[in-house]
Every structure is written in structure tokens, then in C-alpha cells.
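Only one structure is covered here, and it is reproduced in the block below.
There are 2 protein chains.
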Amino acid sequence: MAAAGQHRDALLAASVRLFRQKGYAATGLAEILAESGAPKGSLYHYFPGGKTEIGAAAVQRAGETVARTLAQLSAETDGPGDLLARYLDMMAGWMAQSDYRDGSPITTTLLETAQEHEAIRMAGAAAFAHWAAILEASAVQAGVPADRAAALARFAVAALEGAVIQCRVSRDDAPLKLAAAELRALYEAARKG
Amino acid sequence: MAAAGQHRDALLAASVRLFRQKGYAATGLAEILAESGAPKGSLYHYFPGGKTEIGAAAVQRAGETVARTLAQLSAETDGPGDLLARYLDMMAGWMAQSDYRDGSPITTTLLETAQEHEAIRMAGAAAFAHWAAILEASAVQAGVPADRAAALARFAVAALEGAVIQCRVSRDDAPLKLAAAELRALYEAARKG
Numbered sequence: 180m181a182a183a184g185q186h187r188d189a190l191l192a193a194s195v196r197l198f199r200q201k202g203y204a205a206t207g208l209a210e211i212l213a214e215s216g217a218p219k220g221s222l223y224h225y226f227p228g229g230k231t232e233i234g235a236a237a238v239q240r241a242g243e244t245v246a247r248t249l250a251q252l253s254a255e256t257d258g259p260g261d262l263l264a265r266y267l268d269m270m271a272g273w274m275a276q277s278d279y280r281d282g283s284p285i286t287t288t289l290l291e292t293a294q295e296h297e298a299i300r301m302a303g304a305a306a307f308a309h310w311a312a313i314l315e316a317s318a319v320q321a322g323v324p325a326d327r328a329a330a331l332a333r334f335a336v337a338a339l340e341g342a343v344i345q346c347r348v349s350r351d352d353a354p355l356k357l358a359a360a361e362l363r364a365l366y367e368a369a370r371k372g
Numbered sequence: 180m181a182a183a184g185q186h187r188d189a190l191l192a193a194s195v196r197l198f199r200q201k202g203y204a205a206t207g208l209a210e211i212l213a214e215s216g217a218p219k220g221s222l223y224h225y226f227p228g229g230k231t232e233i234g235a236a237a238v239q240r241a242g243e244t245v246a247r248t249l250a251q252l253s254a255e256t257d258g259p260g261d262l263l264a265r266y267l268d269m270m271a272g273w274m275a276q277s278d279y280r281d282g283s284p285i286t287t288t289l290l291e292t293a294q295e296h297e298a299i300r301m302a303g304a305a306a307f308a309h310w311a312a313i314l315e316a317s318a319v320q321a322g323v324p325a326d327r328a329a330a331l332a333r334f335a336v337a338a339l340e341g342a343v344i345q346c347r348v349s350r351d352d353a354p355l356k357l358a359a360a361e362l363r364a365l366y367e368a369a370r371k372g
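Here the protein sequences line up with chains E and F, keeping their order.
With the first sequence counted from 1, adding 179 to any position gets you the numbering used here.
With the second sequence counted from 1, adding 179 to any position gets you the numbering used here.
Here it is in C-alpha cells:
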């Protein structure tokens with residue numbers, strides 16, 4: 180990767196970290212620049228649209244990172260129940276390690292900006308759809324009927340985001356463990372039903 | 180209610196509206212004051228702790244409003260499946276009416292501030308616990324075993340918050356309808372099981 184691409188990469192990685200912990204409105208462009216270590220001019224060079232463009236790119240990037248992890252877990256597990264249990268267990272570990280500062284990499288930004296910034300909202304919708312598609316494929320492969328697989332995948336993404344919120348507020352991982360157990364039971368029932 | 184109490188009330192109502200639509204960081208004290216119509220001095224008179232104190236009081240107030248609605252629906256319905264279907268249907272109507280600007284009255288603020296402002300986080304934890312307690316009681320009354328009623332209530336609150344996020348991003352009410360159906364099925368299974 181060229182040095183130029185590395186700067187863009189560093190700016191995005193810094194944005195994802197800051198937006199996840201502090202939210203979109205509370206994160207300034209100067210802070211992103213400082214956290215990234217990229218040179219001053221690089222921010223408007225790579226993101227001429229300013230903060231909104233960085234917001235959309237950061238949501239896209241964070242969404243792709245999650246999707247990559249889900250796809251890898253899908254290849255390593257027997258079905259969506261195991262996949263989600265493994266993923267939620269990883270999330271619980273990351274959250275505890277960050278002292279519950281880290282949550283979903285995209286939810287806070289999306290809630291703050293969905294109404295105002297269409298590009299960010301679209302990036303969020305694409306991320307959620309991508310995650311759901313991976314869960315859906317895993318369920319179909321595990322023998323869940325197609326219509327149930329589609330519905331449960333979308334519900335699982337919502338439940339996962341909701342559980343992360345609960346963990347940030349309760350500062351323990353019980354909500355993620357609970358969501359993993361309930362989603363596994365729903366998938367088991369769908370496989371039999 | 181005395182005129183003085185009305186100012187406090189107007190400040191809180193304005194805070195809840197603004198935090199719900201724009202989030203905590205993007206809402207300024209001057210904006211809260213203008214939106215409330217309360218006189219200038221009233222803000223620091225009622226909230227000497229400034230924005231953090233207003234944030235905690237707004238989360239508490241919004242949490243109590245939701246709890247009141249849930250309790251009323253609980254009295255009017257046969258169990259948590261119906262209760263949640265009625266509530267999520269109301270939420271869907273409010274969200275559509277606001278052109279999907281309105282979401283959860285507390286989630287955005289909680290995600291932005293949970294790490295930094297303990298008073299706001301505690302108000303959020305109390306709100307979630309209160310909502311879950313109402314759902315739990317409804318489930319027990321409908322014949323769900325106590326341990327399942329407690330777990331499902333906490334999972335339902337997480338799923339509800341997650342579905343609201345999805346609706347704000349997708350700008351339609353499908354995620355709320357899906358959550359209502361899946362939660363009803365979970366409660367039906369728990370009642371039989």
C-alpha cells in the first residue's frame with residue numbers, strides 16, 4: 180500500500196475509534212487528524228466533503244470489518260446459533276477490555292446523523308443488510324427455511340445492536356450473553372419447525 | 180402545578196425532544212432554553228449542575244414516560260406478546276409521523292454519554308430496569324415461569340431498542356413489526372414450555 184493510501188487508512192481508523200467511543204458530534208476534525216498521525220493537508224485531500232464524508236466512509240469501513248469477522252466465523256461454525264454465540268462472546272471481550280467504552284462501531288453515529296446526513300444513513304443501511312445476509316446464508320445452510328432465515332437474520336442484527344446498548348449502560352456483559360442464548364433458541368426452533 | 184414547576188417541566192420536555200432527535204452533544208443549552216420558552220435564569224436555577232444534570236433528568240423523565248405507557252398497556256392486554264405488539268405499533272406510528280426523526284428518547288444520549296457521565300448512565304440503567312420489570316410482571320401473570328419471564332423481559336428491552344435503531348436507518352417500520360412478531364413467538368413458546 181502506498182504512503183498516500185496509508186494516510187487515508189489512518190484517518191478512517193482514527194475516525195472509527197473516536198466515533199465509536201465519543202460519538203459523531205463530539206468528535207472534531209482536528210482530533211481525528213491528531214489521533215491518526217496523518218499530515219494536516221491529508222484530511223481535506225482524501226475527504227473533500229469534510230466530516231459528513233468521513234462519517235459515511237467510517238461507517239462503511241466499520242461495517243465491512245464486522246462483516247469480514249462474521250463471514251470468517253460463518254466458515255468456522257455449524258450455523259447461526261454458534262456463529263452469533265462466538266461473535267457476541269468476542270464483542271463481550273472487547274467491551275470489557277475497553278471498560279465498556281467501545282460499543283457498536285456505527286450505532287452512535289447513525290443515531291446522531293441518520294436524519295441529517297443521507298450518505299451516512301445509507302452506509303449504515305448497507306452495513307446492517309450485509310451482516311444480515313451473512314447470518315441468513317448461515318441459517319439456510321443449517322437447514323432453516325429461507326423465509327425464516329431472512330426474518331431471523333434481520334431480527335438478530337437488531338437484537339445484537341440492542342444488547343450492545345444495554346451492555347454499555349449496565350457495564351457488564353450479561354445482555355450479550357442473554358441475546359446469544361435467546362437467538363440460539365430461536366434458531367434451534369426454526370431449524371426444527 | 181406552580182409556575183416555577185412549569186418552567187422546570189418545560190425545560191425537561193424540550194430537552195427530551197431535542198436529545199431524542201439530535202442527540203446530546205449536538206444540543207446546546209441555549210437551544211433547550213429557546214425551545215422550552217422558559218425564562219433565561221431558570222435553566223441554572225433548576226439545573227445548577229448544567230447540561231449533565233439536565234441530561235440525567237431528561238433520561239429519567241423519558242424513561243418514566245415510557246414506563247407509564249407500558250404499565251397502562253399491561254393493564255389493557257392479556258400478556259407481554261400483546262403488550263409489546265401494541266407498544267411497538269405505537270412506536271411505529273410515532274416514528275413514521277416524525278419522518279423517522281424520533282427514535283428512542285434515551286438511546287442516543289446514553290450511547291454518547293455512558294462512559295463520561297455516571298449520573299446519566301445510572302438514569303438509563305434505571306429506565307431499562309423499570310421497563311423490564313413491567314414486562315416481567317406481565318409475563319408472570321400470563322403464565323410464563325419466573326426465570327424465563329425475567330430473561331425474556333431484558334431481552335425484549337434490548338430487541339426493542341435495537342429495532343428502533345434499525346427503523347431510524349431504514350426509514351420504515353418493518354424492524355419494529357418483525358421484533359413484535361419474534362418476541363410474541365418467544366413468549367408463546369415460554370408460556371407452553
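Heads up, the beta-carbon is just placed ideally off N, CA and C, and yes, glycines get one too.
Since we're looking at a predicted model, the values are computed, not measured.
Quick one: using the 10 Å Cβ neighbour count with 16 as the cut-off for buried, is E/Pro324 buried or exposed? Burial check for E/Pro324: the Cβ neighbour count within 10 Å stays below 16, so the residue is exposed.
Using beta carbons (cut-off 8 Å, strictly below), is E/Ser303 in contact with chain F? Looking at the sequence provided, one finds Gly at residue 303 of chain E rather than Ser. Interface with chain F (8 Å Cβ-Cβ cutoff): E/Gly303 is included.
DSSP three-state label for F/Arg199, please. Three-state result, F/Arg199: helix.
Helix, strand or coil at E/Arg333 [DSSP, three-state]: Shown here, E/Arg333 sits in a helix according to DSSP, grouped into three states.
Indicate whether at least one CB of chain E lies closer than 8 Å to the CB of F/Phe307. Yes, its Cβ sits closer than 8 Å to a Cβ of chain E.
Separation of E/Thr292 from E/Leu357, as counted between CA atoms: Taking the CA atoms as reference points, E/Leu357 sits about 29 Å from E/Thr292.
Close beta carbons around E/Ala189, own chain, < 8 Å, minus the five adjacent residues each side: If we look at E/Ala189 and ignore the five residues flanking it on each side, its Cβ neighbours are Ser215, Gly216 and Ala217.
My parser needs the alpha helix (DSSP H) runs of 4 or more residues fully inside the stretch 287 to 342 of chain F; what are they? Uninterrupted alpha helix (DSSP H) stretches at least 4 residues long and entirely within the stretch 287 to 342 of chain F occur at 297 to 320, given in chain order.
Hey, is F/Leu267's beta-carbon within less than 8 Å of any beta-carbon in chain E? No, its Cβ sits nowhere closer than 8 Å to a Cβ of chain E.
Of all Cβ atoms in chain E, is any one closer than 8 Å to the Cβ of F/Ile344? Chain E, which has a Cβ nearer than 8 Å to the Cβ of F/Ile344, makes this yes.
From E/His186, E/Ala271, E/Ala305 and E/Ala321, pick the residue whose C-alpha is nearest to that of E/Leu339; which is it? Distance check between E/Leu339 and each of E/His186, E/Ala271, E/Ala305 and E/Ala321 places E/Ala271 closest, using alpha-carbon atoms only.
Confirm, please, whether the CB-CB distance from F/Ala311 to F/Val336 is below 8 Å. Yes, they are a contact pair.
Buried/exposed call for E/Arg187, threshold 16 Cβ in 10 Å: Label assigned to E/Arg187: buried.
Can you list, in chain order, the residues of its chain whose CB lies under 6 Å from that of E/Ala233, leaving out five sequence neighbours each side? It is worth fixing the name first, because residue 233 of chain E is Ile in this sequence and not Ala. Cβ within range, chain order: Ser194 and Phe226.
Cβ atoms of E/Ala204 and F/Gly202: under 8 Å apart, would you say? Yes. Within cutoff.
Buried or exposed: where does F/Arg199 fall if 16 or more other Cβ atoms within 10 Å of its Cβ makes it buried? Buried is the label assigned to F/Arg199, since at least 16 other Cβ atoms lie within 10 Å of its Cβ.
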